[in-house]
């Protein structure tokens, strides 16, 4: 459907261009250094941290950016708006600190903390590049050379990595194993279940009546599962607080430190909510009075009604001011709704309808308030006393659970991330005096500056750590944006950032008063019209009451990028009328609309800015964001496929539920126990063994009873070769499983069954990555338990029984994959030229409905159980917490909307499909506005979905007339706005014919010359991709490398099986040594090379002839080499890492015609060895070539290594710092690339 479809009603105005900006440079050692390495290939799908990566951001620092870079002498907080270049600022600040020979600091005396490993690695890489460029311009500068050597020791890491390093350093003070490790989710799940059983068994043994009353409250058909869930939730909740015991003691005091309900923290919450509601009621009543005052008949008949409402509002305000619970309750219960008198003939009178609407909302709001005050004060006090007993028992249970859980983790020498943070707290804070310890002072003395990125996502534990190890915060520099704090479910506490910001003064370089705040308000990402829309929406919606901040000039976005004016407005809101588009699901309707818009914009060549020029849009320029993708990703991919649009999204399936993991784990179960019929059936029917229905029918006809394994055995005895081959393979694996480590068994399955190759052929990168990840899980399991295959299978089964899972592998390769489908959370830090925000009418999901509620500031509350009625009933404290949790959730949902809207660079299209008719939906939203241009915080809190907020703001925009007219409502809109806005209602089925076809039916039939011309074109048609028909779909890296170097070298095939016993050729000896290096256990080989060779032969990795052919001297030189030493010390090691990535066709065929040069070809290959060192990759390729000069290998294979470099960076998301060739013949490393 096009933008001018007759099924749409719209109104738009022209947009304006943003001001021009200049170019940004780094200043370093008297020269200029690029802020980042520019990406020079075809336009990528999206750019991470893109405001600093090849964007249109100025290379000249703004005044505020320069302040953030140069501010010294005290605590600084930088509030960095979306797209404001905060990462570039942080990098430049560090660069200037470590390159200032007079006032700078040593690189290893900086602590720079980020919240992801990738961000930390990227930051290190940028700093290393910048220092390298400085040295290149001043190669004899000893200060710069020293800083470069210290950079490897710089503390640039995640919070978790920093805390772990401290725990390992001070393990003797913490009484933990020095080799403590982070357990995987599966291990922790099993230990949690065990700890929970120990805890409840102990509590039941005590036979405390109070505990049994708590159990009775949570009793269910599933036993104690609800109680276990609440204990577990409270435990996880408390881990984000620095001192859980103190928190519980403080919250218990809330149940005793008061004299009346109005004095409690919960009474004050409800009273404040009632005050907001009373203000809103006054607005509604004033609106109704204004409406009836315009008509004499309405005024005469209804003045008394609305005057009584006015008196009620005054009485309610007075009661709230007196802080009397019973007085407020009595006032609310005294409300009489009355009836609206309608003069004859006024049934559809707009003024009457407006007054009636105000009365209805007034009445409903009072009813909602009455529900909060159902009990008199004495009953509320009685409930609070009962809740105190429940709180004591639940807190006691959590304390016991924590001790049991900690004991189990200690026995297994494992921890979770919260543990290491709490251990660091115990090192640096004296729990009795709440002051810094000597260890804290020692740690603090190591760092001249502490810088923390994304501080809006910090929790109280992390905040306490940074405050304690800083020098009274005088050397603490934090960066963040509270409007982008969207990780409340991870216990992020944006209020900590806000508190810092509110306590700071605007930075002044002259007075240098601290703590200081610096506002980075310029956005270098988006079109000015997009920014104006964001400002308009959030000026209306965000406040301290909902959103935690006032969206004032400090928070507004100002344009820093320049875009050419477009024909259509940059911002749209489209409402799909579900009643008129047919019976299809709302997600399908939205997906179809989006697909049609994408096709339209691509066909019309929508101009996308790239550098200083514009190019036509491609599918990879589009992104579809939504709150929840797991339920909708498959729908969108299916619909897009029907339209011929390729779309990519992460799978919503869990790791253990993914097809490839289910198959390989079933294979392991069968190896462990072949009598498992279901698992065995899945294995033999898999592509690995390829049994079909006829095979299974034959097998079962041969033996109808007994196990499937017995039937297959009988079938093999009868001479069936397929069954015989399967049993031989299974027997081989069962024999090997008792002699080799678990991860080697899985590797052997991958190699012998070609399972990896099968998945590679289907181009399933996510599946391949999951299979690699299973190897890591198996290796970690065996290292920590020594329980082998049987133990691993039982461990996986236990996870499934407990409803747990393991994290899946990431699949964020950088290949051009078309339209990007992702959640708003996943999009944070990214940008897209054209952005759709879909599924905005999805109802908010709230934790406020839980029977037990927790809040950081206001503690714990729950429903109470009435044995007489066998039912739970609400309590005043729980009502208060529900309101506060709902307010916090609303604030976070607002921030989610902010993040979503600020991802768009040029075009922002928002979409909603209300569950009822658009007319009724808009009318209901308009009523909440009470005729005001400003949206009441109470009305903002009443929203049920993101679309409610979007429609509220659209109704108040001058261009929202379409919505106002469509629904037959009036709203007092702003007289003007600084951006054009398209509001559209999609009110016809997508499969209906357009108006032109309907009109054609009434015209005389005439020769259709256009059709004739089109038929001629079809007759003369030539396949547009004829020029690339000969281009391979998939190419090997080695083949392409030889082609690129224009040289060919002899290649050798594997020796056939019937010649395996013959003497090996020289080339085959080299291949044998190559195989040894692939499968060898480095540590074991250093302990005994010959023993390791025998083991490899026993495990089936090397034949006897290959073992005998190994040149022991060369093998020993390799094992004792510095390269292997680096591997043993590396963070991660990858052997024979297979990859599939997409590359432009021009690399395969340099002579290919221009239109096809960017077409994609799959590049596949395998890297012999790679390892992670300081967050960066080192790639090694083994070569057996017998050459006189080792440098000849560089000439032959450098192109191949560079292809490996690009592929590994794409697959693993880590920068490559070195590419090496290891010459087996010369026992020498040859450097091909160094960063």
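In our numbering, the protein residues as written are 9 to 1243.
We treat Cβ as the ideally placed atom computed from N, Cα and C, and that holds for glycine.
Remember, it's a predicted structure, so these values are computed and weren't measured experimentally.
Asked, Found
"DSSP beta-bridge partners of residue 1183", "For residue 1183, which the question treats as bridged, DSSP gives no partner whatsoever."
"C-alpha distance - residue 469 paired with residue 560, whole-angstrom precision", "30 Å"
"With 16 other Cβ atoms within 10 Å as the buried cut-off, status of residue 68", "exposed"
"Close beta carbons around residue 914, own chain, < 8 Å, minus the five adjacent residues each side", "534, 535, 538, 571, 574, 578, 616, 617, 841, 842"
"Residue range of the beta strand (DSSP E) that includes residue 345", "No beta strand (DSSP E) contains residue 345, which DSSP labels as neither H nor E."
"Contact between the segment 877-890 and the segment 458-477 (3+ Cβ pairs under 8 Å)", "no"
"Buried versus exposed call for residue 653 [16 or more other C-beta atoms within 10 Å across all chains shown]", "buried"
"8 Å contact criterion, which residue 465 and residue 495 should meet: CB distance rounded", "5 Å"
"Range of the contiguous alpha helix (DSSP H) that encloses residue 220", "217-225"
"Residue range of the beta strand (DSSP E) that includes residue 564", "No beta strand (DSSP E) holds residue 564; DSSP gives it neither H nor E."
"Rounded straight-line distance, which links the Cα of residue 686 to that of residue 1226", "48 Å"
"Residue closest to residue 1044, alpha-carbon to alpha-carbon, out of 992, 984, 1104, 1156", "1156"
"Within 7 Å, strictly: CB atoms of residue 112 and residue 119", "no"
"Buried versus exposed, by CB contacts within 10 Å (16 or more), residue 956", "buried"
"Extent of the continuous beta strand (DSSP E) to which residue 860 belongs", "860-863"
"Residue 153 versus residue 168 - alpha carbon distance", "30 Å"
"Close beta carbons around residue 688, own chain, < 7 Å, minus the five adjacent residues each side", "678, 682, 716, 717"
"Host alpha helix (DSSP H) of residue 880 (start-end)", "Where residue 880 is concerned, there is no enclosing alpha helix (DSSP H), although the beta strand (DSSP E) it sits in stretches over 879-881."
"Stretch-stretch touch, CB-based, cutoff 8 Å, three pairs: the segment 1168-1179 with the segment 1141-1156", "yes"
"Proximity below 7 Å, CB of residue 276 to CB of residue 328", "no"
"Residue 682, DSSP secondary structure in three states", "coil"
"For residue 463 and residue 339, the rounded distance between their alpha carbons", "45 Å"
"Buried or exposed (CB count within 10 angstroms, at least 16 for buried), residue 399", "buried"
"Nearest-angstrom Cβ-Cβ length linking residue 361 and residue 303, presumed shorter than 8 Å", "That pair is no contact at about 12 Å."
"With 16 other Cβ atoms within 10 Å as the buried cut-off, status of residue 101", "buried"
"Own chain, CB closer than 6 Å to residue 505, minus 5 neighbours either side, in chain order", "463, 464, 488, 490"
"Bounding residues of the alpha helix (DSSP H) (the contiguous stretch that carries residue 741)", "729-745"
"Exposure label - residue 786; buried when at least 16 CB within 10 Å", "buried"
"Expected contact under 8 Å - CB spacing of residue 883 and residue 395 to nearest Å", "6 Å"
"Secondary structure of residue 23, DSSP reduced to three states", "Reliability fails at residue 23, whose pLDDT of 35 lies under 50, so the model's placement of it is uncertain and the value that follows must be treated cautiously. Residue 23: coil per DSSP, three-state reduction."
"According to DSSP, residues forming a beta bridge with residue 1231", "1191, 1236"
"Residue 1063 to residue 1076 span [Cα, whole Å]", "With a pLDDT of 40 at residue 1063, under the threshold of 50, the modelled position of that residue is not reliable, and no figure is offered here."
"Range covered by the beta strand (DSSP E) that runs through residue 160", "From DSSP, residue 160 is part of no beta strand (DSSP E); its letter is neither H nor E."
"Counterpart residues of residue 872 in DSSP-defined beta bridges", "881"
"Cβ separation of residue 1136 and residue 1091, assumed to be a contact under 8 Å, to the nearest whole Å", "6 Å"
"Beta-carbon separation (whole angstroms), residue 1245 vs residue 285, contact threshold 8 Å", "This structure cannot settle anything about residue 1245, because the visible part of the chain is limited to 9 through 1243."
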